[in-house]
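Only one structure is covered here, and it is reproduced in the block below.
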């Protein structure tokens, strides 16, 4: 038996070794809990004379746990904002080509495609791509990239006799038609319709072009002659502001704007979350009045499930408990798959969004736009004016000044401007109402539908082969 270290009095264990620092990696939920508990312990038990300031307690926490002071601050801030310990993002999302294209551009592409059907023509991929690349307001795309964008926008190919074509997926068409029916009914009922959305602006946001004198080049020459070398350019994109607002023909709702700084450098949608959005929305609802309607898109933070529904990750016992609470009969010998089948039969009855439930408490109804149809939301046109105001007046590229300009841009939007934008959107709605009829008139009954979305690998492979075969042909159609 190996000798054990002595624990008799007078013998001390040697702890003379360097402090071990935590390796750099994401903090787990357990580690974050340890940080919170250590900070609370220091705050509640240590003498205020010894640690009079928060920074002292944070530093002590960091020293005890072998982590950095900024890490402690971040964990405490995250805990206070969300009232819970959030799990780490284990991997950074690599931006895809679709992340680099904003929603307005995606909607513009969809309108280009549908404009051919509105004119009674069958659009080819080549024709639409040429129109987009010739449009100075839109970016240029390669043919292969454009195909990926169509796939991302939930279009699908189909065979029309000997020609290939692309049309909106059936669920998108149905969503759009239901939206158009509902909003027309709401207007007939004289209900107040509010439009809500967000946008962003960076501290470097400015106009793309401005007048300058090309004959004045050296700064010294300009200075000596009392001239300038033109507007200065920002050195980087700078910090980003997110703004959320709501309004209608009467203008923006007073006191409803929500402006905050985005901390992330990626897609600005990731800066939003359901918890914070619902807090803001709950404060806005009383300002809208009873029997109002709020139009919003289908963003994830607008669509958090009010009640989690069972799925394949649930334990069988938990699924049984859920069915029992809903008074749905089952037997003990039924398998998990059979129980989930029962859930699928009734889940439409319990699929409610948290935002919708909040609105119901105030007698307000939510109407969601179909994906990538921002042209049906007049606030998108309003945002273009607001951002244009910021761009024309932003000469310092300083964050606080841009925030002031953003508020000024919102204030200069009049009810008359809102009414014009709503009228423009009504015309867009009429175009879409005629769109499906035009498509039916231009498409024969002998069609083979081929889904090109990510949900079906076999369909995707078929679509890829179709797009490859038709890449060298001018008879490729888009809907």
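In this note's numbering, the protein residues as written are 357 to 835.
For each residue, glycine too, the CB sits at the ideal point set by N, CA and C.
Assigned with DSSP and collapsed to three states, residue 409 falls in coil, not helix or strand.
Taking C-beta atoms as the reference points, residue 596 and residue 558 count as a pair closer than 8 Å.
Distance from the Cα of residue 634 is smallest, within the candidate group 612, 647, 654, 658, for 658. Taking C-beta atoms as the reference points, residue 718 and residue 642 count as a pair closer than 8 Å. Here residue 382 carries a coil assignment [DSSP, helix/strand/coil]. Looking at the DSSP output, residue 618 bridges to 596. Here residue 676 is buried. Its C-beta has 16 or more other C-beta atoms within 10 Å. Taking all protein chains shown into account, residue 686 has fewer than 16 neighbouring C-beta atoms within 10 Å of its C-beta and is therefore exposed.
Spatial neighbours of residue 789 in its own chain (CB-CB distance under 7 Å, excluding positions within 5 residues in sequence) are listed in chain order as 536. Taking C-beta separations shorter than 6 Å and ignoring five residues to either side along the sequence, the partners of residue 629 in its chain run 657, following chain order. In the DSSP assignment, the residues bridged to residue 603 are 551, 608.
Distance from the CA of residue 697 to the CA of residue 466, rounded to the nearest whole angstrom, comes to 37 Å. Partner residues in a beta bridge of residue 420, as assigned by DSSP, do not exist.
Between residue 495 and residue 751, the alpha-carbon positions lie close to 26 Å from each other. Using a Cβ distance threshold of 8 Å, residue 727 and residue 528 count as a contacting pair. By the neighbour-count criterion, in which 16 or more other beta carbons inside 10 Å mark a residue as buried, residue 739 falls on the buried side. The C-beta distance from residue 650 to residue 609 rounds to 10 Å, too long to meet the 8 Å contact threshold.
With a 10 Å radius around the Cβ and a threshold of 16 neighbouring Cβ atoms, residue 604 comes out buried.
In the displayed model, residue 480 falls within a strand according to three-state DSSP. Taking 8 Å as the cut-off, the beta carbon of residue 385 is found closer than this to the beta carbon of residue 441.
Cβ-Cβ separation between residue 602 and residue 542: approximately 16 Å, too far for a contact (criterion under 8 Å). Just so you know, the alpha carbons of residue 469 and residue 436 end up roughly 47 Å apart. Between residue 438 and the set 617, 631, 485, the nearest pair of CA atoms involves 631. Less than 8 Å divides the Cβ of residue 660 from the Cβ of residue 710.
Excluding its 5 nearest sequence neighbours in each direction, residue 638 has C-beta neighbours in its own chain below 6 Å: 714, listed in chain order.
In the DSSP assignment, residue 558 forms a beta bridge with 596. Under the three-state reduction of DSSP, residue 545 is assigned to coil, being neither helix nor strand. Taking C-beta atoms as the reference points, residue 745 and residue 761 count as a pair closer than 8 Å. Counted as a single uninterrupted DSSP element, the alpha helix (DSSP H) harbouring residue 760 occupies residues 755-767. According to the DSSP assignment, residue 721 belongs to the beta strand (DSSP E) that extends over 721-724. Just so you know, the alpha carbons of residue 756 and residue 695 end up roughly 56 Å apart.
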